[in-house]
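Asker: Residue numbering for the sequence shown follows the working numbering, starting at 25 and increasing by one per position. Even glycine gets a Cβ: it sits at the ideal position worked out from N, Cα and C.
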Amino acid sequence: MIKNMNLKYIGTIIKTQRTDGCVVLGDVTPRFKGVPKGASIHVGYTQAFARPYVVRDCQTFGSGRFALSLIGITTPEAAQKLTEMGVFADETLVREQSGTEYFEDDLIGCVVLNVETKAVLGKVVEVWYMPANDVWVVDYNGKELPIPAVDAIVKIVDIATKTIEIFVMEGLLELVDDTPNDENDNEEEE
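#1: The alpha helix (DSSP H) that contains residue 131, what's its start and end?
#2: Helix, strand or coil: how does DSSP classify residue 203 here?
#3: When the Cα atoms are used, what is the spatial distance from residue 135 to residue 167?
#4: Pull up the DSSP beta-bridge partners for residue 189, would you.
#5: Hey, is the region 111–121 in contact with the region 29–42, meaning 3+ C-beta pairs nearer than 8 Å?
#6: Which residues does DSSP pair with residue 5 in a beta bridge?
#7: By DSSP's criteria, residue 40 is part of a beta bridge. Which residues make up the other side?
#8: Tell me, please, which residues DSSP counts as bridged to residue 59.
#9: Count the other CB atoms, across all protein chains shown, that sit within 10 Å of the CB of residue 37; report buried if there are 16 or more and exposed otherwise.
#10: Can you find at least 3 beta carbon pairs, one from the region 84–99 and one from the region 41–59, that sit closer than 8 Å?
#11: Excluding the 5 residues preceding and the 5 following residue 164 in the sequence, name in chain order all residues of the same chain whose CB lies nearer than 7 Å to its CB.
#12: Between which two residues does the beta strand (DSSP E) carrying residue 197 extend?
#13: Tell me, please, which residues DSSP counts as bridged to residue 150.
#14: Kindly indicate which residue of 100, 150, 172, 102 has the alpha-carbon position closest to the one of residue 131.
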């Protein structure tokens with residue numbers, strides 16, 4: 025059992041590949057660039073009971089997947105025993121290989137405040153990984169308010185206190201106002 029390690033999920037072993045014990049790592053954390061040779065990872069159905077392995081090699085294997093070779097796993101039979109198991113790595117390695125400051129589980133549940141008025145807007149309920157920038161979805165009065173995670177809007181993120189302060193630019197809250205967008209469209213059609 026693993027104790028005193030801050031491991032983060034990086035993906036799941038989805039199948040074996042080749043005859044040398046290589047496995048395919050899929051369902052990978054967004055923007056993850058792979059595991060460096062010699063890095064320590066843990067493999068198991070849960071983080072608490074994952075076993076340690078050292079990475080022999082890691083190559084890109086299509087979009088969002090990696091061919092992963094582990095020291096000590098040299099046959100298809102040994103590799104097959106690892107399929108459907110999660111892969112976990114130290115948080116520092118995952119941050120470095122993802123280029124991210126915050127993980128999704130750091131953000132979910134954070135209270136979002138207007139940086140100017142300190143008014144509570146809601147809580148982060150979801151993170152969307154988009155090509156240009158991430159979008160943090162806030163439960164704003166029971167509706168989904170998308171907040172672009174860009175410096176012009178996100179001003180303060182304090183994971184320790186689970187608070188995020190944002191600049192509420194003009195028109196942002198109107199994205200989820202109570203007026204249906206198609207109400208005016210119906211008037212034009214008549």
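Answerer: Considering the structure as presented:
#1: 128–131
#2: Unreliable placement is indicated for residue 203, whose pLDDT of 49 sits below 50; no coordinate value is reported for it.
#3: 15 Å
#4: 137, 180
#5: yes
#6: Here the chain covers residues 25 to 214 and nothing more, so residue 5 does not appear.
#7: 47
#8: Beta-bridge pairing links residue 59 to no other residue.
#9: buried
#10: yes
#11: 145, 146, 200
#12: Here residue 197 belongs to no beta strand (DSSP E), and DSSP marks it neither H nor E.
#13: 161
#14: 150
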